[in-house]
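Engineer: One structure, as structure tokens, below. Some questions next.
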Amino acid sequence: MNPTRLLASLALGAAILATAGPVHAEQPATDTTAPFAVNARLNFRLTYPRFLRFRVGATGATVNLMSFTVPAGNVGSGTPVAPTGGDAGGGTGVNVLVYGNNGQVTITATNSSGGLGIGTATASDGRINYNQISSVSSSGQLPAPVLTNAGGTTALPTLNSTLVTQRTAVWTYSYLNQTIPSAGTYGGTNASRGGRVTYTATMP
Amino acid sequence: MMTARAAFAAVAFAALALPASAITVVVADGAPEIALRVGATGGTISQVSFAVAAATAGTGTLILGTTNAAAGSAQAPNFGTACAGNNVRIWARARSTAFSPRTATLTVNGSGNLTSGANTIPLTNFGWVTSGGTEIASGNFTGSPTQALLSFGTTREVSVCKRFQFLNTTIYPSGTYTGQVTYSLQMP
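Residue numbers (the numbering used here), protein chains in the order written: chain A, 31 to 234; chain B, 18 to 205.
Given below as structure tokens:
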């Protein structure tokens, strides 16, 4: 036999022997020759969905109200004022979660002020610009959008792998207190006053 | 009279040893042999399916596997009752001649992955709950190619019913993932 063909035949035979092993097509598989060895296989099949999950603040239907109270002695001083009403950081922040599995998640912010800032419902009171509301994330991998009257910057959570994002953080808010607005209650649960921020996460 | 009482006791024990789903049964000695069944009898490799819901993906909510009735069917004559629904029967027998005991060892290779294209889910994300017996304890795949499950002496049959589960603690890309585990029974 041609030596090359012989080698090829031997290699093929060895490959068949190596893959044959003790696996038996019929079950129960049996072996009556020492050393005894039988294999049996089991197939797994898992269907995994495409999804995007996003949470800012309390779970459920609650919309957190971040409430800032500025002491008269500090108005316009530039001393930041921490809020209450969050579900993290002793009320100064909110828990944020973003889970997704189909590529880069993008988080954007819009608000209900129509680009004007937060008001009291009385036009003559003026507005508080959203640039006075600071939001800082506890994680650089899940940054918070910088709020503006127009909405805010875009935030890009860091992907865990090519397609998967699995990030959590606490976003902490403060009122920067760098201006002197009219006295009054700005924003609140009445979205028409401009105080409602909506964060939106999108994924390809 | 003593002999008669002893015989009656032996019969009663044998009757109790006929299990519904899992236990070790002493069987007759004979020419050395081992036998193994995982899932359905015959030439079919049983499949366990998992479907993860978007609402619970990655939350740690256990996703129970499903399979057909054949995967948990009875194993006559000593295991005459089928496993509960969606359970997989694992049955093993090790036989040897009288006065020549041997020990059989059952292992599983859980070192691989389920794959969907280039994406993978390690088998270590899967486990099982054993029902009807303790011969193979409930647990998870460790990633070892020779994860020890059970050792037992001749001449015996052992059978358990397993409900497999996906641990669901990590997020994966969407897709349909497939993979295979191999159980091995060996005896010197």
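C-beta atoms are modelled at their ideal positions from N, C-alpha and C, and glycine is treated no differently. On a predicted model such as this, the values are computed, not experimentally measured, just so you know.
(1) Just grab the DSSP bridge partners of Val86 (chain A) for me.
(2) Quick one: grab the DSSP three-state call for Thr147 (chain B).
(3) When DSSP labels each residue in this structure, what does Asp46 (chain B) get in the three-state scheme?
(4) Taking only the alpha-carbon atoms, compute the straight-line gap between Asn126 (chain B) and Asn136 (chain B) and give it to the nearest angstrom.
(5) Between the Cα of Leu123 (chain B) and the Cα atoms of B:Asp46, B:Phe143, B:Pro162, which residue gives the shortest distance?
(6) Provide the residue span of the beta strand (DSSP E) that contains Ser165 (chain A), from first to last.
(7) Going by CA-CA distance only, name the one from A:Leu206, A:Arg83, A:Thr215 that's closest to Thr198 (chain A).
(8) Straight-line CA distance for Ala121 (chain B) to Ile188 (chain B)?
(9) Note down, in chain order, every chain A residue with its Cβ under 8 Å from the Cβ of Phe183 (chain B).
(10) Along the region 180-203 of chain A, what residues have a CB closer than 9 Å to any CB found in chain B?
(11) Would the region 102-112 of chain A and the region 143-159 of chain A be scored as touching if the rule is three or more Cβ pairs under 8 Å?
(12) Quick check on Ala39 (chain B): buried or exposed, where buried means 16 or more other Cβ atoms within 10 Å of its Cβ?
(13) Let me know the secondary structure DSSP gives Asn142 (chain B) once reduced to three states.
(14) Any Cβ of chain B within less than 8 Å of the Cβ of Ala231 (chain A)?
(15) Using 8 Å as the threshold, is the region 78-94 of chain B in touch with the region 191-203 of chain B, meaning 3 or more CB pairs across them?
(16) Considering only residues of the same chain and omitting the five flanking positions on each side of Thr202 (chain A), which have a CB-CB separation below 6 Å?
(17) Could you tell me whether the region 162-177 of chain B touches the region 87-101 of chain A, using the rule of 3 or more Cβ pairs below 8 Å?
(18) Tell me the DSSP secondary structure of Tyr160 (chain A) in three-state form.
(19) Taking Thr136 (chain A) as the reference, which of A:Ser107, A:Thr114, A:Gly145, A:Leu189 has the closest Cα?
(20) Establish whether the CB of Pro139 (chain B) and some CB of chain A are separated by less than 8 Å.
(21) Going by DSSP, what residues sit across from Tyr216 (chain A) in a beta bridge?
(22) Mind pulling the chain B residues with CB within less than 8 Å of Thr62 (chain A)?
(23) Measure how close the beta-carbons of Arg80 (chain A) and Ser66 (chain B) come, nearest whole angstrom, since I'm counting them as under 8 Å.
(24) To the nearest angstrom, report how far apart Gly144 (chain A) and Thr192 (chain A) are at their CA atoms.
(25) Tell me, please, whether the CB atom of Arg173 (chain B) is closer than 8 Å to any CB atom in chain A?
(26) Counting Cβ pairs, one atom from each stretch, are 3 or more of them under 8 Å apart for the region 101-116 of chain B and the region 103-117 of chain A?
(27) Less than 7 Å between the CB of Thr99 (chain A) and some heavy atom of the ligand PLP, yes or no?
(28) Could you spell out the range, first to last residue, of the beta strand (DSSP E) harbouring Asn137 (chain A)?
(29) Please classify Asn141 (chain A) as buried or exposed, where buried requires at least 16 neighbouring CB atoms within 10 angstroms.
(30) Thr92 (chain A): which of A:Asn125, A:Thr60, A:Ala139 sits nearest, CA to CA?
(31) Name the chain A residues whose beta carbon is nearer than 8 Å to that of Trp108 (chain B)?
(32) Out of B:Ser128, B:Gln64, B:Trp145, B:Val175, state which residue places its alpha-carbon closest to the alpha-carbon of Asn95 (chain B).
(33) Between Arg85 (chain A) and chain B, is any beta-carbon pair separated by less than 8 Å?
(34) Using 10 angstroms around the beta-carbon of Leu186 (chain A), count the other beta-carbons present and answer buried if the total reaches 16, otherwise exposed.
(35) Nearest CA to the CA of Asn185 (chain B): which residue from B:Ile138, B:Thr151, B:Pro118?
Structural biologist: Per the coordinate set shown:
(1) A:Val126
(2) strand
(3) coil
(4) 20 Å
(5) B:Pro162
(6) 163-167
(7) A:Arg83
(8) 39 Å
(9) Leu76
(10) Asn190, Ser191, Thr192, Leu193, Val194, Thr195, Gln196
(11) no
(12) Any reading at Ala39 (chain B) is ruled out, since the residue's pLDDT is 47, under 50, leaving its predicted position unreliable.
(13) helix
(14) no
(15) no
(16) Gly119, Thr122, Gly123, Val166
(17) no
(18) helix
(19) A:Leu189
(20) no
(21) Looking at the DSSP assignment, Tyr216 (chain A) forms no beta bridge with any residue, so it has no partner.
(22) Ala48, Pro49, Glu50
(23) So it is not a contact: roughly 18 Å between Cβ atoms.
(24) 37 Å
(25) no
(26) no
(27) For the ligand PLP, the structure offers nothing, since it holds no ligand at all.
(28) Inspection of the sequence shows that residue 137 (chain A) is occupied by Ile rather than by Asn. First-last of the beta strand (DSSP E) with Ile137 (chain A): 136-141.
(29) buried
(30) A:Asn125
(31) Pro58
(32) B:Val175
(33) no
(34) exposed
(35) B:Ile138
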